[in-house]
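Numbering (my numbering), first residue to last: 14 to 1282. Glycine residues also receive a C-beta, built at the ideal position from the N, C-alpha and C atoms. Every value quoted in this text rests on a predicted model; they were computed, and no experiment measured them.
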Amino acid sequence: METVLYEVSNVPNGFNHEKNGESVQYTDNKDVSDQGDTEDSVKIFSGILQKDPIDITFDNITYNASLGFRKGKKEILHGLHGRFPPGQLIAIMGPSGAGKSTLLDVLSGYRITGIGGTVYTNGTERNLNSFRKLSCYITQDNRLQELLTVWENMLIVADLKLGSHVSFHTKEKIIIEILETLGLEETTETRAERLSGGQKKRLSIALELIDNPLIMFLDEPTTGLDSSSCSQCVKLLRQLARQGRTIICTIHQPSASLFQLFDLVYVLSEGNCLYQGTTQNLIPFLDAAYLPCPQYHNPADFVIELACGEYGEDKMQTLVLATNNGRNYQWFDKPESLPSLQKLKETHKTLNEKKNNSHLQSTSQWNQFKVLLRRGFIKSKRDVTLTYMRIIVNISVGLLFGVLYWQAGNHGGKVLDNYNLIFSVLMHQMMSPMMLMVLTFPNEMCVLTKEHFNRWYSLKMYYTSLCLVDVPISVFCCIVFSIIMYWMTGQPLEWNRFTMFTVLSMLIVFVAQSFGLMIGAVFNVVNGTFMGPCLSVPMMMFAGFGVTLRDLPSYLRWGSYISYLRYGLEGMVGAIYGLDTNSVLNSKKTFKIKFLKNVECVKTDNVNYKQVPFGISFENINFSVSLGFRKGMKKVLHHINGSFCSGQFIAIVGPSGAGKTTLLDILSGYQIRGVNGTIYNNNIVRNAQEFRKYSSYITHDNHLQPLLTVWENMSVVADLKLGLQISQENKDITIKDILATLSLDTSANTQACYLSGGQQKRLAIALELIDNPLVMFFDEPTTGLDSSSSGQCLRLLQKLSKEGKTIICTIHQASANILQLFDEIYILGEGRCLYHGTALNVLEFLNSINIMCPMYNNPVDYVIELASSENKNENISLMTNKIENGKCNKWVQQSKPSASIVEEHSTDPSSETYKRASLPHQFKILAARSLLNCKRDRKMLYMRILANVIISLLYSILYWQIGDHGGKVRNNYNLLFCVLIHHMTTTMMLGILSISSEISIITNEYFNKRYSLKMYFAASTICEMPILIFCCLLFTAIVYPTTGQPMELHRVTMFTIISLQIVLVSQSLGIVIGSVFNVMNGTFVGFALSASLVLLAGIGEDLKNIPIIIYWIGKSCFTKYGLEGIVNSIYGYDREILSCPDELYCHYKYPQKFLKDIMIHVDVFWIDVILDILAVTFSENFVEGVIYLQNKLSSSSSTVYDVKIINYVPANWTVDSIIVIIDFIVNQLIQQNLDEIVKIHVLLCMDSMTEKIQIELKNMSVLMSIVLI
């Protein structure tokens, strides 16, 4: 009997097996140092079926990615070869763009198109369907059900993966053993959303271990974890590999100790293999290639540097040839023991023969449905905020309908009002559930994708359970809404009618949910929010409300058959007025309306930058953060000290939670509340306000104007920062010098959105160099950059520091070569200083406290590991005492900045600051920038124009030539109301989406004092006007003549003016909402507010008959005056008698009669215009105050402790700041009390026009004084 040997460490006996007379044995290949794994740590989880380990081999793997239409393809992977034996923890390494994730996707089966080559499993060509049943893919982001506890997550996955044939006791035993192995036994009752990053990662792994996958693929498993959590995660993966699994993961810049935990490493560079073998053999391999790794240099960092081409392209080719692009197995441990593919194929049964085994199949669809339904109900029960919000919204809207249409259902004179109510109910039942799904389902898509790819369940069962889970709360909300609205509005109290009405409401809700689910599955939140209402417009138009079905053109009647709102409207109207009712409606009027029949329910000249030496020192700095109400304070920084000399490049490093960003915020003046201690600038106690003038803070996010080119970004900032004191010629020279220094001169005409990550980072730096700051602070400047880009960025900062600037930045997991670029390293641990000095002196410092750094470890990384180890308290205390918590400067090497393009002299730094641009000049610059952004954003521009054209054409077809028809006045009134809704909703939602996406850029620019908020909003509003006016005029030019409105110049002018006013007010309202809420919440609030504004417009209802509070709110609603103005422009001002060609009796032959019936104030058009102008002014001033407080007095950048206050208040406020604060307070009072605004709105209820104007002018003087502030 022939024996095939595999070298696998600590494989349990259960994995030794005999096949076809041949024995496959797994022997230990690790030395004594690797025998630390205990017996418990490598045992197979009891109850889990043991399976044959799988060897993965791939041959000549290529991958071609499409570059776009007519742009051809690009080869990412170039004929890769390799082998991953079972029982090994394998790391795929390489710089960004090397092809790590692509290779992982190809091997896992996640990517199947554009691939060449062959993947073998146990010597047999892989069958993808069978392979996916034995493997799992864990993404770098933790896609968990965050409302479920750890135990609930595990139990649900056990039910899905193991099925009903495994007993509950066995499942419990498996879960307990997995959680104990992964160190999660103490968190079983903790919700996933409350777990730490490391615990979430371990839970993601635990979920996939339920059915004992033989192969595990992990994409960047250490992303977002601190050093301690990274070590725990990788040790766990190594332990799982010892159980016979093949575990393959991508990894980026591991520390030396982390790197040594991997068994095999596969290094990629530009789609080629540089090395394949054990981690222990990497250094001998490099020595054999005459590329020895330096001492005290992490081998992982060194091989990445080689892969980036930092030592030359020829070195990369040398390594590719040495490994034969992955064919060379000599650097494996005992490569002669690897069985050939033919032996593996003869020994193992193919996976294709196993595809019908019961343990390889998922559970039945019925069991999937039951489990997913149970999970859905738990999530629905836990998400109380959304549940309460839905209930409150339905109760509130129901009450609002009830108040506005009080007892209209049994009133013969208010049948049309009741018809409007029914359609409003229909719109509420459609929009609320549809937008709820549009906003919530896209957030579930990433979880759904992961779970479905790993074969937890079928998509049919997921969607079925998802819809059924929402049925109870939807039914409850629908019944509550119907009861409130039905009784208050006086609908017929007959059980059959109420039942029919409620059932139809529920059906509309369910259809709308499905419609929203479809939109949410196709689009993201932002696009779905825009597309949802747009796709709903045809449904509303063909429902039969705006235009009766008999008046639809014959070639469009098919649209009514696909509109579910049509059937809903028919059913609801039939439930209220149908069923052969013979009862006479109560009415004070004498004429009879055959309602059902009519409805048819079927400047200096030189830029001489002089660099003033500027040092920063700090003593006894303490900082505490509040943990919440009654939870006390947590101390983040503990009496730390330090001194940073002028012209030095300083790195603040440390593990996560050490206080790096907090210290940077304090030194920059970004954080001052809760801070104790003293900060000196050039040995003088710092004045925070003055310090801001010659310093800059650059966050790790690149807040750029993406549509502007590099040169345009620089020119705008130069004009804002340098003002008119520098000539344009000298500004251009300055910009060219900066771009050349930062190697951006060749990209001067490239838009910022097309720059690479490294180029965007350099552009962010260049923008702040315009006014030559003396001190620059950077928060994680290498975040998101690969090794090459990180090196380029930091070498640039080093060059700037040599010019005399003091540059301080936080850094995370830097290689030894990167750390050598810094003049000083300041290491923090638990809020205390562990070391302050040069990178070269770290070894000497460690030796002074009797700590020896391993030969191939980065000394700085080793200090951080000591601060994160099990004995961290002892290590931190030892190092803190030695460095005297930052007071000791023994290991700091003082150096003087070299001369450069900047001159060095000793003067007061404040004398070197430039005067910023004046307010008018700021407005001019910002207006030019806004116009350029509007011109470049062609996609949105075309979308807005196209939407206006399509909707206007739809209105034209549906309401063709009805404007002069006396028998279709009601239809024309509906058209005017639809025009109002279109102008309001489209511009308001665009305002919400645009300001929400701009908030981060405004925050960055305003914090760095580039401009005044007043000028920003003035410029952005005025520059938006041309496109708003164009779209409005285009819409009017199509709708007005085609619908037969009176072609009189004064009426066309009035109609256009009031339309423009509605657009401007709606845009301002959208900006207000977008400045207060994020995109998702703003969209929800925007639609809820729109519903209220539509109701308060007073369509079909006399506002005098409603409660006084609602009455005054209605009188302050701009939609009321917009509707009033539009209707007056068409039917007011003594319009002539309307034609009635096809009617024997024309009730609204005289337009004045119609205006009287709908209670529209006659001939008050210009007062409506004035009131809308005031609404625009109020909105703009209000949003300015909101943005000011959000950016000036709101969230801090300290994300570790989730502090919510920016804590920046200048010592002496400028006049502009005081004015904005007063402006905000006044606007808050206006919003709360509405006193002065109501005084103006109430004028419309007075009889005498003269008296109206007199009182209006009196109150205008009061309001204008507020506006001027």
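Rounded separation between residue i and residue j - CA only
| i | j | result |
| --- | --- | --- |
| lysine 818 | isoleucine 1012 | 30 Å |
| serine 371 | leucine 354 | Residue placement at serine 371 is flagged as unreliable, the pLDDT there being 41, under the threshold of 50; the coordinate-derived value follows with that caveat. One C-alpha to the other measures close to 28 Å. |
| threonine 331 | asparagine 695 | 52 Å |
| serine 268 | aspartate 836 | 22 Å |
| valine 12 | arginine 124 | No answer is possible for residue 12: the residues shown for the chain start at 14 and end at 1282. |
| leucine 856 | leucine 807 | 23 Å |
| histidine 178 | serine 217 | 24 Å |
| glutamine 504 | asparagine 423 | 6 Å |
| methionine 450 | methionine 519 | 16 Å |
| leucine 1116 | asparagine 1091 | Confidence in leucine 1116 is poor, its pLDDT being 48 and thus under 50, which makes the residue's placement unreliable; the coordinate value appears in the next sentence. So the alpha carbons of these two residues sit roughly 34 Å apart. |
| isoleucine 296 | threonine 162 | 45 Å |
| leucine 1082 | phenylalanine 1097 | 14 Å |
| isoleucine 575 | phenylalanine 528 | 13 Å |
| asparagine 854 | tryptophan 904 | 6 Å |
| tyrosine 972 | glycine 587 | 25 Å |
| leucine 1108 | leucine 417 | 8 Å |
| valine 406 | alanine 1101 | 8 Å |
| leucine 945 | leucine 413 | 44 Å |
| alanine 525 | methionine 513 | 18 Å |
| leucine 1062 | cysteine 991 | 23 Å |
Residue from the options with nearest C-alpha to residue i
| i | options | result |
| --- | --- | --- |
| lysine 151 | Leu1082, Thr131, Thr200 and Glu233 | The identity of residue 151 in the sequence shown is isoleucine, whereas the question assumes lysine. For isoleucine 151, the nearest C-alpha among the options comes from Glu233. |
| leucine 954 | Leu993, Tyr1144, Leu295 and Leu1003 | Leu1003 |
| glutamine 1074 | Gly1095, Gln308, Leu304 and Leu1136 | Leu1136 |
| asparagine 898 | Gly541, Lys1169, Gly842 and Lys948 | Gly842 |
| cysteine 1130 | Phe657, Val1078, Lys392 and Gly670 | Val1078 |
| isoleucine 1070 | Thr1049, Val1085 and Gln1080 | Thr1049 |
| glycine 425 | Thr747, Leu160, Pro108 and Ile589 | Ile589 |
| glutamate 703 | Ile188, Gln811, Lys1166 and Ser681 | Ser681 |
| arginine 139 | Asp68, Ala111 and Asn77 | Asp68 |
| isoleucine 317 | Ser1033, Glu1037, Ile697 and Gly110 | Gly110 |
Contacts around residue i, its chain only, beta-carbon distance under 8 Å, and the 5 residues preceding and following it disregarded
| i | result |
| --- | --- |
| phenylalanine 382 | Met474, Thr477 and Ser478 |
| serine 377 | Gly176 and Ser177 |
Residue i, buried or exposed, once every other Cβ within 10 Å from all chains shown has been counted against 16
| i | result |
| --- | --- |
| glutamine 772 | buried |
| cysteine 766 | exposed |
| methionine 1259 | Caution is warranted here: a pLDDT of 32 is assigned to methionine 1259, below 50, making its placement in the model unreliable, and the coordinate value is therefore given only provisionally. By the neighbour-count rule (16 or more Cβ atoms within 10 Å), methionine 1259 is not buried but exposed. |
| threonine 5 | Residue 5 cannot be examined here, being either before or after the span of the chain that is shown, 14 to 1282. |
| alanine 753 | exposed |
| phenylalanine 181 | exposed |
| asparagine 337 | exposed |
| methionine 646 | exposed |
| aspartate 300 | exposed |
| glycine 672 | buried |
| valine 638 | buried |
| methionine 585 | buried |
Nonlocal neighbours in the same chain, by C-beta distance under 7 Å from residue i, ignoring five residues either side
| i | result |
| --- | --- |
| leucine 386 | Ser478, Leu481 and Val482 |
| arginine 1023 | Val730, Leu733 and Lys734 |
| valine 516 | none |
Contact set for residue i: own chain, Cβ-Cβ below 6 Å, skip 5 residues either direction
| i | result |
| --- | --- |
| cysteine 459 | Arg156 |
| leucine 548 | none |
| methionine 552 | Ser576 and Leu578 |
| alanine 335 | Ala302 |
Query - Three CB pairs or more closer than 8 Å across the segment 714-730 and the segment 999-1015 - result: The segment 714-730 makes contact with the segment 999-1015: 3 or more CB pairs, one atom from each, lie closer than 8 Å.
Query raised in the report: Would you call the segment 629-639 and the segment 876-892 touching, i.e. three or more CB-CB distances under 8 Å?
Result: No contact exists between the segment 629-639 and the segment 876-892.
Report task. Could you tell me whether the segment 685-695 touches the segment 991-1000, using the rule of 3 or more Cβ pairs below 8 Å? Result -> By the Cβ rule, the segment 685-695 does not count as touching the segment 991-1000, because fewer than three pairs are nearer than 8 Å.
Query raised in the report: Looking at C-beta atoms only, is the number of pairs between the segment 87-105 and the segment 256-265 that lie closer than 8 Å three or more?
Result: At 8 Å Cβ cutoff, the stretches touch.
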